[in-house]
Structures are given as C-alpha cells and as structure tokens.
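Quick note: the sequence shown uses our numbering, first residue 54, plus one each step. All C-beta atoms in this analysis are idealised placements derived from N, C-alpha and C, irrespective of residue type, glycine included. Heads up, the thing below is written out as structure tokens.
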Amino acid sequence: MLHNFLMAARENGVPMVRFRRDGKAIAASFIRAVETYGYDGIVVDIDTAMLAGAIGGPVDFPDDQPARSKAPLLPTLEAVDDLPPVYIGRYFEIEAAVEAVVRLKEYFGSSPIAPGRRGSSSRLWPRRGPISFPTATAPPVRT
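Below is the structure:
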C-alpha cells in the first residue's frame with residue numbers, strides 16, 4: 054500500500070511546491086511508485102497539513118518539504134462552536150487531490166486506489182494542533 058507521497062514525488066522528480074498543486078504530477082508520481090514497487094493500493098494523501106489548511110488553519114508550505122501547521126486553529130475544544138462553516142472543495146490541495154484520484158481511476162480502473170484514510174481522531178489534529186491532540190480525542194460528554 055503506497056502511503057508515502059514525499060517518496061513518490063521525489064522519485065518522480067517533482068518538488069513539493071508543484072506536487073501539492075498539480076493533480077497530473079500527483080497521479081504520475083503515484084503511478085510510477087505502484088509500477089516500480091508493486092503496491093496493491095494507494096492511500097491518496099498529498100500533504101501533511103492538507104486538511105488543516107482546507108478548514109482554515111494557518112499552514113506553512115516549504116518548497117521541497119511537506120506542509121506544516123503553524124498554529125492551532127482552536128484555542129480550546131469548546132471553541133469549535135465558534136468556527137465559521139467550512140467548504141473544503143475550493144482549497145487548492147483538495148482540488149489537486151481530486152484531479153489526481155480521477156486520473157488514477159482512469160489509469161488503474163477500480164484498483165489499487167483507496168481514498169485517504171483518516172481516523173476520526175486525526176481529524177481533530179489540524180484544529181487543535183499536535184500539543185493538544187491527546188486531550189482532544191476524548192471530549193467531556195455533555196448531558
């Protein structure tokens with residue numbers, strides 16, 4: 054199972070500054086990795102902070118390294134109620150990922166594509182930040 058976008062991009066000669074914005078480059082990198090190493094599947098994940106940026110979190114984008122969250126979006130878990138609605142469909146990395154999935158589906162057919170899998174607890178990470186993550190996974194029960 055391919056789940057190393059950085060290796061796939063580097064082995065295909067694509068710097069991260071291009072990879073995170075170019076669905077065609079993402080697909081070509083993943084196709085090459087699958088054909089080189091014989092993976093039986095692809096987890097489509099194109100950057101470490103894609104979801105954080107898509108929901109409005111501050112993100113730093115180095116030219117040839119994965120993106121990084123600069124700060125938590127939420128000061129506390131209770132502040133989630135104060136967040137504005139989020140529409141991730143127009144975020145540049147989401148658009149590139151969707152284009153890549155379409156191209157991968159055209160190339161491979163029904164396999165070896167798997168959507169990016171993120172557990173429910175990892176969805177909290179981009180909003181709370183890594184320092185607060187352990188406490189964010191089990192919020193108090195409200196009655």
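Between residue i and the rest of its own chain, which residues show a CB-CB distance below 7 Å, the 5 nearest in sequence each way excluded?
| i | result |
| --- | --- |
| P119 | L59, M69, D100 and T101 |
| V67 | A78 and S82 |
| V139 | I108 and G109 |
| N65 | A81, S82 and R85 |
Within the same chain, show all residues whose beta-carbon is closer than 6 Å to that of residue i, passing over the 5 residues directly before and after it, in chain order.
| i | result |
| --- | --- |
| A80 | A153, R156 and L157 |
| G182 | Note on G182: pLDDT 40, under 50, position unreliable in the model; no value is reported. |
| F114 | A120 |
Please say whether residue j and residue i have beta carbons closer to each other than 8 Å?
| i | j | result |
| --- | --- | --- |
| V112 | R121 | yes |
| A107 | Y144 | yes |
| L130 | G109 | no |
| A105 | S82 | no |
| E146 | R73 | yes |
| V87 | A150 | no |
Looking only at its chain, what residues have a beta carbon closer than 8 Å to the beta carbon of residue i, apart from the 5 residues adjacent to it on each side?
| i | result |
| --- | --- |
| E148 | G76 and G142 |
| D135 | none |
Can you check which of these residues, the options, is closest to residue i by C-alpha distance?
| i | options | result |
| --- | --- | --- |
| G162 | N57, N65, I84 and R73 | I84 |
| D117 | P128, R71 and D135 | R71 |
| M103 | K123, Y92, Y90 and T89 | K123 |
How about residue i: is its Cβ closer than 7 Å to a heavy atom in the ligand SAH?
| i | result |
| --- | --- |
| P68 | No copy of the ligand SAH appears in this structure; indeed no ligand is present at all. |
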